[in-house]
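Only one structure is covered here, and it is reproduced in the block below.
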Amino acid sequence: MEEKLKYSDFNAFESILNDYEAKISDLRQKDYLKEEFILNISHDLRTHLNVVLSIMQLLKNKEYYTNNNENKWSEYSNSIKKSCYKMLKLINNLIDVTKLENNYFICNKENLDIVSFLENIVTSVDKYAKDKNISLIFDTNEEECIIGVDPEVIDRIVMNLLSNAIKFSPKSSEILITLDIDKNSVCISVRDQGPGIPEQEKQLVFNRFHKVNKLLTSEYEGSGIGLNLVNNLVKTHKGSIDIINHKDGCEFVVKFPREYCQECQTRKKISSNNKVEVLEIEFSDIY
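First residue of the sequence shown? That's 1 in full-length UniProt numbering, and the numbers climb one at a time after it.
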């Protein structure tokens, strides 16, 4: 005697089918985002390469070279340098994100005074803010705090957040950098007076393949990989990063444990020349 299918069997089948359809839709969306991400990266690299190639073509023209003064050639030289820095930043970010996501990234911690370290970063970035008449304000609740961190990781996190803040802030505005320390944790926040991030996108901005609202970012360069990198770097220090929208801007809050490192490797000091180049690479796309 044939066994009849029960109504509940059809419900179970329909539920499984809907689940598979949702998964297929999710995979298609991820593929679309990956393709868009690759297109954005390719577009950025091609744009910067075209600048370099166009100037190289001018250099071949001896007549053009003869009729133009040194100031013009200095301008061209700076354009080449800036385009190369932008490509370097993009490639460096891609390499580091790949290392982080595949557990190849190595942290080299040392004990340092996080207060003076952060203050030095803000001071070194100040000239890039002043170019847009933006004021950087640093505030801390402690005068000194020795903790174990990887200086290059903290440097990268803060510079990336400051670069974004300067990029999206209007001229003649303020950016507030706050260091809040308690007995268990260290909290670094960067608050700007820019347009903020749409509420529906706050949880997506740290996704490697997500770029915030195209209308919001259309006038700015970048693939959107920076915040994904920051999020992964924060995780190397067992930390978290949150976004708070204010009526007059956006605030990124990074929090990680206040820990002293008993056995730390010593980081080689970055020379001042290298530091200048690191800054120029990081802030090459803020205009």
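Ideal Cβ positions, reconstructed from N, Cα and C, are used throughout, including at glycine. Predicted model, so just to flag it, every value in this text is computed and none were measured.
{"Check": "Whole runs of the alpha helix (DSSP H) within the segment 68-139, excluding any shorter than 4 residues", "Outcome": "70-101, 114-130"}
{"Check": "Local conformation of residue 204 per DSSP, three classes", "Outcome": "coil"}
{"Check": "Whole-angstrom distance between residue 135 and residue 192, CA atom to CA atom", "Outcome": "10 Å"}
{"Check": "Assigned secondary structure, residue 281 (DSSP; H/G/I helix, E/B strand, else coil)", "Outcome": "helix"}
{"Check": "Per-residue DSSP class, three states only, for residue 241", "Outcome": "strand"}
{"Check": "Close-in-space but distant-in-sequence residues of the same chain around residue 148 (CB under 6 Å, 5 per side omitted)", "Outcome": "109, 111, 259, 260, 261, 264"}
{"Check": "Beta-bridge pairing of residue 249 - partner residues as DSSP gives them", "Outcome": "246"}
{"Check": "Closest by C-alpha distance to residue 246, when choosing among 102, 183, 91, 190", "Outcome": "190"}
{"Check": "DSSP three-state assignment for residue 258, whether helix, strand or coil", "Outcome": "coil"}
{"Check": "Counted within 10 angstroms of its Cβ, other Cβ atoms place residue 127 as buried (16 or more) or exposed", "Outcome": "exposed"}
{"Check": "Whether residue 132 touches residue 99 by CB criterion (7 Å)", "Outcome": "no"}
{"Check": "For residue 197 and residue 138, the rounded distance between their alpha carbons", "Outcome": "23 Å"}
{"Check": "Distance between residue 84 and residue 285 (C-alpha atoms, nearest Å)", "Outcome": "11 Å"}
{"Check": "Length of the line joining the Cα atoms of residue 87 and residue 240", "Outcome": "29 Å"}
{"Check": "Delimiting residues of the beta strand (DSSP E) encompassing residue 181", "Outcome": "174-181"}
{"Check": "Given 8 Å, three or more beta-carbon pairs between the segment 228-236 and the segment 148-164", "Outcome": "yes"}
{"Check": "Whole-Å CB distance - residue 295 paired with residue 243, under 8 Å assumed", "Outcome": "Here the chain comprises residues numbered 1 to 287, so residue 295 is not present and cannot be evaluated."}
{"Check": "Residues near residue 165 by beta carbon distance below 6 Å, same chain, minus five either side", "Outcome": "175, 190, 192"}
{"Check": "Sheet register partners of residue 146 (DSSP bridge)", "Outcome": "113"}
{"Check": "With 16 other Cβ atoms within 10 Å as the buried cut-off, status of residue 125", "Outcome": "buried"}
{"Check": "Same chain, Cβ closer than 7 Å to residue 45, neighbours up to 5 away in sequence not counted", "Outcome": "87, 90"}
{"Check": "Cα-Cα separation, residue 167 to residue 18", "Outcome": "43 Å"}
{"Check": "Where residue 56 falls, given that 16 or more other Cβ within 10 Å makes a residue buried", "Outcome": "exposed"}
{"Check": "C-alpha gap between residue 81 and residue 52, whole angstroms", "Outcome": "9 Å"}
{"Check": "Residues bridged to residue 185 (per DSSP)", "Outcome": "257"}
{"Check": "Segment limits, alpha helix (DSSP H) that includes residue 198", "Outcome": "Where residue 198 is concerned, there is no enclosing alpha helix (DSSP H), given that its DSSP letter is neither H nor E."}
{"Check": "Residue 96 versus residue 278 - alpha carbon distance", "Outcome": "15 Å"}
{"Check": "Burial state of residue 250, where buried means 16 or more other Cβ atoms lie within 10 Å", "Outcome": "buried"}
{"Check": "Among 155, 185, 60, nearest to residue 118 - alpha-carbon criterion", "Outcome": "155"}
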